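Note that the numbering used here has the sequence shown beginning at 992, numbered continuously upward.
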Amino acid sequence: MYPLGASYDGAGVNFALFSRMAEKVELCLFDEQDNETRVELTEQNSYVWHIYLPGIQPGQRYGYRVYGPYNPANGQWCNPNKLLLDPYAKAIEGNIDGDESLYSYWFNDSDNPNNMNDLDSAAHTMKSAVINPFFDWGNDQHPFIPYSDSVIYEAHVRGMTNLNKNVPPEIRGTYAGLAHPSVIEYLKKLGITAIELMPIHQFVNDPFLQEKGLNNYWGYNTIGFFAPHNAYSSQGQRGEQVNEFRAMVKEFHAAGIEVILDVVYNHTAEGNHMGPTLSFKGIDNQAYYRLVDNDQMHYFDTTGTGNSLLMRSPQTLQLITDSLRYWVQEMHVDGFRFDLAATLARQFQEVDKLSAFFDIVQQDPIISRVKLIAEPWDLGSGGYQVGGFPPNWSEWNGHFRDCVRDFWRSQPSTLPEFASRIMGSSDLYQHNGRKPVASVNFVTAHDGFTLNDLVSYNNKHNEANGEDNRDGESHNRSWNCGVEGPTTIRDVNELRHRQMRNMFSTLLLSQGIPMICGGDEVARTQLGNNNGYCQDNEISWTHWKLKDYQKDMCEFVSKLVHLRLEHPVLHRRRFFTGRDANMAPDALPQVEWFDHNGNIMDLEAWSNTHAFSIMVFLNGSDIPEPDWYGNTMVDNDFILIFNAHYEPIMFTLPEEQYGRKWKLIVDTHNPKGPELNYEAGFAITAQSRSFMLLMSDEKKERRSDN
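Structure (structure tokens):
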């Protein structure tokens, strides 16, 4: 009866399937010639149908046929002609081909779904596979990198290595390819601490894309919440993908890099009432999906993909939490980024951070101990929930993305918000006791323009998607620097490169957790396509034959990452506090804000709608929290100079009490320039649209409290 799924014990396999709707369940076993043997499950306890079969070995392919009511108007879709995937399958073979047999209605009678399609789908659908649960993990351990020390790199398994000549051809685009020493060495040199993989749960390649010669590249179309996607395996699809994934995780852990999964628990690939019957729909539609209250044929959809999982159903909650525990305990992953996480909070109509899902996660001894990152929105009413998630969660900070883009394209009235964003967005998170690490800062992600395209295009160019450029976001807060798309004009290209360096500097020197969109560090372009979800080709893949400016960009990003990691004041665990009215005149606050004349910013300066520049002092001798070993942290002081104006601006460095001598260590206008030295009160020129970072020349060491 438990656990659900197919469990191999060395002598045989126990099969267990939940369905309260079923009147009869058949287990279907397939041999090498795809001949099917059906075994009726006669044992049933608490709606779990189960059987133990001795002699069954790993690699055995199977599926289910569920007999029960077929009444779409009442949300009941049982149809034994459809071979169904095990929701708990640990491995899945094949994909679907769009054949009519996959659907429970007839294509020529789609307005009448009650006329049940009795075509058998077995030859056109995916099959579950029994796996061997045993794997030699050796001394593998979770790196357990503190949130505040994290630098996340969002990557795609195929896109990261498909064009990488340092990876053997036979494993490019696979888990093994991603674990290749050259890839891990590259990531280590870059300085990232965690790789966040776009969906690797088994997903469906949409038939409508296949018909257009396209593929589901991103993978936000899950059908198997326990199974690594089979197309990313170099060894096979009958369980081999499981151990290949495990071996990949083991290699990353050996290098001290965490593995975070982008997971899609808000919906499945079965779509709405016009979608195929692949698994959940035919097993127990009402238990797994949220249906419209007064119209059970149709699905309540806050994801834009046809359906939403029913987050008040015990079976759905068990499925999700069992899946999360499995990936932590059996696959050793270190955290999760939850796609459209607001849907997970919709136990009823509204988003509720006190919903059952969050309660379960909060008290779970396994799930609550790994990194939990929300995409804090969905498409439903009240779905934009940035700042609204529970204290143990971090969130993709969409406000950071939008504000940074606006600031560097010189939009008016952005300076006050920009100041809040680079300091960790306390306005969003501090009110309920959360810390700067609640904010996952990003400027670009998989969805939207790459960083290169953000500074090269004013408009999206999605013609390759076959939707007449109607798809994708139209308001991108981008600026092409004067020319749309590629150009040979030197000044335009230099400005674009500087703008990329500006945004990387802002991202990596802001408080919170930075996330780099994979390939941005080498100025990857999608030629203006801001919705590459269907482009499993060179439009989306990272190119590794780099030009000099791309190599320079990568070195610049690596320098910033390592600079961040080496200096605790650049990634504090607590919010900065500014100048207090009760402070002594000669006392230094943790952070001070100056205008270009070296004067402390006053209300008039903050209110200037056309202010595009600021100078920030960070006090390295006043870090209130100890490090992870209990030692008081003392760091260098820093001055950050931001100039988003179209003209150079002369900045007067603060007076001597803030620091006598300074060294210029980052200048986005002259990234390879020498590290120049300056004294207090000296005037320094920040070139148009540039960023500068100065560090006190006095190296302050950590001192022990013991």
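All C-beta atoms, glycine included, are put in the ideal place defined by N, C-alpha and C. All values derive from a computational prediction rather than experimental measurement.
For residue i, the residue or residues it bridges with in DSSP
i       : result
Asn1062 : Gln1067
His1730 : Only positions 992 to 1697 of the chain appear in this structure, which leaves residue 1730 out of reach.
Lys1362 : Gly1326
Cys1394 : Per DSSP, none; premise fails for Cys1394.
Pro1505 : Asn1432
Gly1003 : Pro1045
Ser1604 : Asn1634
Ile1251 : Glu1187, Gly1326
Met1641 : Thr1676
Exposed unless 16 or more other CB atoms sit within 10 angstroms - verdict on residue i
i       : result
Tyr1144 : buried
Phe1199 : exposed
Tyr1448 : buried
Lys1180 : exposed
Asp1696 : At Asp1696, the pLDDT of 38 sits below 50, so the modelled position is not reliable; the number obtained from the coordinates is stated separately. Looking at its Cβ environment, which holds fewer than 16 other Cβ atoms inside 10 Å, Asp1696 is exposed.
Leu1252 : buried
His1264 : buried
Ser1681 : buried
Gly1519 : buried
Arg1563 : buried
Glu1583 : buried
Ala1336 : buried
Arg1651 : exposed
Lys1538 : exposed
Thr1334 : buried
Lys1118 : buried
Thr1033 : exposed
Thr1676 : exposed
Arg1487 : buried
Arg1694 : Confidence in Arg1694 is poor, its pLDDT being 37 and thus under 50, which makes the residue's placement too unreliable to answer from.
Contact set for residue i: own chain, Cβ-Cβ below 6 Å, skip 5 residues either direction
i       : result
Glu1017 : Arg1029, Glu1031, Arg1056
Asp1100 : Asn1106
Asn1153 : Arg1163, Gly1164, Trp1532
Ile1630 : Phe1608, Leu1685
Nearest residue (CA-CA) to residue i, options the options
i       : options                            : result
Tyr1053 : Ser1270, Met1592, Ile1162, Val1233 : Ser1270
His1437 : Lys1362, Gly1210, Gly1373          : Gly1210
Ser1010 : Glu1647, Val1195, Tyr1038, Asp1613 : Tyr1038
Met1189 : His1115, Gly1326, Asn1086, Asp1100 : Gly1326
Ser1401 : Asn1493, Ser1465, Arg1316, Ala1455 : Asn1493
Gly1295 : Ile1248, Ser1173, Asp1369, Glu1321 : Asp1369
Pro1124 : Asn1668, Ala1080, Pro1382, Tyr1096 : Ala1080
Ala1185 : Asn1086, Ala1245, Ala1218, Phe1126 : Ala1245
Ser1549 : Arg1565, Asn1221, Leu1498, Ala1596 : Leu1498
Asn1599 : Leu1406, Leu1331, Ala1674, Val1361 : Leu1406
Asp1102 : Ile1083, Pro1063, Asn1072          : Pro1063
Arg1149 : Asn1221, Asn1234, Gly1247          : Asn1221
Glu1464 : Leu1667, Met1592, Lys1451          : Lys1451
Cα-Cα separation, residue i to residue j
i       : j       : result
Gly1589 : Asn1661 : 23 Å
His1258 : Ile1640 : 51 Å
Ala1455 : Gly1230 : 35 Å
Gly1473 : Val1483 : 7 Å
Ile1274 : Ser1112 : 15 Å
Thr1643 : Ala1671 : 8 Å
Glu1692 : Gly996  : Caution is warranted here: a pLDDT of 49 is assigned to Glu1692, below 50, making its placement in the model unreliable, and the coordinate value is therefore given only provisionally. One C-alpha to the other measures close to 55 Å.
Leu1496 : Phe1217 : At residue 1496 the sequence reads Ser, which differs from the Leu that was named. Going from the Cα of Ser1496 to the Cα of Phe1217 covers about 38 Å.
Ala1578 : Leu1594 : 21 Å
Gly1001 : Glu1321 : 17 Å
Ile1413 : Gly1262 : 40 Å
Ser1141 : Pro1505 : 7 Å
Gln1678 : Gly1611 : 26 Å
Ser1469 : Leu1110 : 50 Å
Val1560 : Gly1215 : 43 Å
Arg1515 : Asn1443 : 6 Å
Asn1471 : Ile1480 : 13 Å
Tyr1166 : Phe1236 : 6 Å
Gly1389 : Pro1159 : 38 Å
Asn1196 : Tyr1279 : 21 Å
Ala1013 : Gln1067 : 10 Å
Glu1176 : Gly1371 : 42 Å
Residue i Cβ short of 7 Å to the ligand GTP heavy atom set
i       : result
Asn1298 : Only the bare structure without any ligand can be found here, which leaves the ligand GTP out of the picture.
Nonlocal neighbours in the same chain, by C-beta distance under 8 Å from residue i, ignoring five residues either side
i       : result
Gln1338 : Met1302, Arg1303, Ser1346, Ala1347, Phe1348
Gly1129 : Lys1241
Leu1363 : Gly1326, Phe1327, Phe1329, Val1352, Asn1383, Trp1384, Ser1385
Cβ-based neighbour list, residue i, same chain, cut-off 7 Å, excluding 5 preceding and 5 following
i       : result
Leu1074 : Cys1019, Gly1054, Arg1056, Ser1112, Ala1113, Thr1116
Val1434 : Arg1392, Val1395, Arg1396, Leu1442, Met1494, Leu1498
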